[in-house]
Amino acid sequence: MGVIEKFMPIVLEREDDGNMAPIVQIQEATFCFVKVSNLYVVSATRINANVTLVFSFLHKLVSVASEYFKEGHKLEIAPRPPIAVTNAVSWRSEGIKYRKNEVFLDVIEGVNLLANSNGNVLRSEIVGSIKMRVYLSGMPELRLGLNDKVKPLIWIESVIERHAHSRVEFMVKAKSQFKRRSTANNVEIIIPVPNDADSPKFKTSVGSVKYAPEKSKIIWTIKSFPGGKEYLMRAHFGLPSVEGEDSEGKPPIQVRFEIPYFTTSGIQVRVLT
1 MGVIEKFMPI
11 VLEREDDGNM
21 APIVQIQEAT
31 FCFVKVSNLY
41 VVSATRINAN
51 VTLVFSFLHK
61 LVSVASEYFK
71 EGHKLEIAPR
81 PPIAVTNAVS
91 WRSEGIKYRK
101 NEVFLDVIEG
111 VNLLANSNGN
121 VLRSEIVGSI
131 KMRVYLSGMP
141 ELRLGLNDKV
151 KPLIWIESVI
161 ERHAHSRVEF
171 MVKAKSQFKR
181 RSTANNVEII
191 IPVPNDADSP
201 KFKTSVGSVK
211 YAPEKSKIIW
221 TIKSFPGGKE
231 YLMRAHFGLP
241 SVEGEDSEGK
251 PPIQVRFEIP
261 YFTTSGIQVR
271 VLT
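Just so we're aligned: 52 in the UniProt record's numbering is position 52 of the sequence shown, and the numbers increase by one with no gaps anywhere.
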């Protein structure tokens, strides 16, 4: 706490005790003050200043300020503010006109899902946005109506068999849980593997699989994944004969995909008026 912050508590304490003086000394600082109503005009000094000159300045300051700041008077009839002040300020320029009024909506979403080895969902969230491209004349009011239906899309099941000091085998099943008329594009299924794994071997019914040793991950890529389909991928890795303690834990499997004209949550724009 600075010295100036100690001024008010000490002044209030002395006022309560009835021992009030216009000069207060706190540590190495000396305060000269003038009280006007509930306002304290204070001057602080650390040198042997001319106290008479200080008080003369304070009283002059109070006199000048009093000429500028008079007492307030409430008007009997308050002037009405102009309409432009109370109304919402338009964010569009005036005179915007289109030959054809149109609105284009894009619903863009991403899903983050974490499931345990038993297939139970531990955490899931959907992050998305609705982007609009508007070609409307003037400043019309729009009302947007949405549905509240939510459903999962691509489900991953994995079985890991680890043979100590020998090998580890992965069996990963991917199942699309959306309608057959829709297709997921550029699907990437990222599976973490042990850091000391080597000699990778893959077998898949669709797509391609590659090993990223710098990330200790398998990347299973499916260019086109129709709805209502189920695919299987098997991976085999060798393990060193001497293994350290497994302190890495079990990172989750990640899935990335794009479905045109489809939303992760199943949200749809029902009404736009």
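Glycine included, each C-beta is placed from N, C-alpha and C at the ideal position. Just so it is clear, the structure is predicted and the values come from calculations on it, not from any experiment.
Beta-bridge analysis with DSSP links Arg181 to no other residue.
Of all alpha-carbon atoms in Thr183, Gly227, Val193, the one lying nearest the alpha-carbon of Met171 is that of Val193.
Nearest C-alpha to Gln25 among Ile253, Asn38, Gly18, Val51: Val51.
In the same chain as Ala212, and ignoring 5 residues on each side of it, the C-beta atoms closer than 7 Å to its own belong to Ile219, in chain order. DSSP lists no beta-bridge partner residue for Ala197.
Contact check for Ser137 against Lys173 fails: the beta carbons are separated by 8 Å or more.
Distances from the alpha-carbon of Val64 to those of Val36, Thr45, Ala49, Ile189 put Val36 closest. For Ala65, the uninterrupted alpha helix (DSSP H) run begins and ends at 51-68, by DSSP. Across the structure, Lys131 and Arg143 are spaced so that their CA atoms are roughly 15 Å apart. 8 Å or more divides the Cβ of Lys175 from the Cβ of Gly227. Taking the Cα positions, Arg46 is about 18 Å away from Met8.
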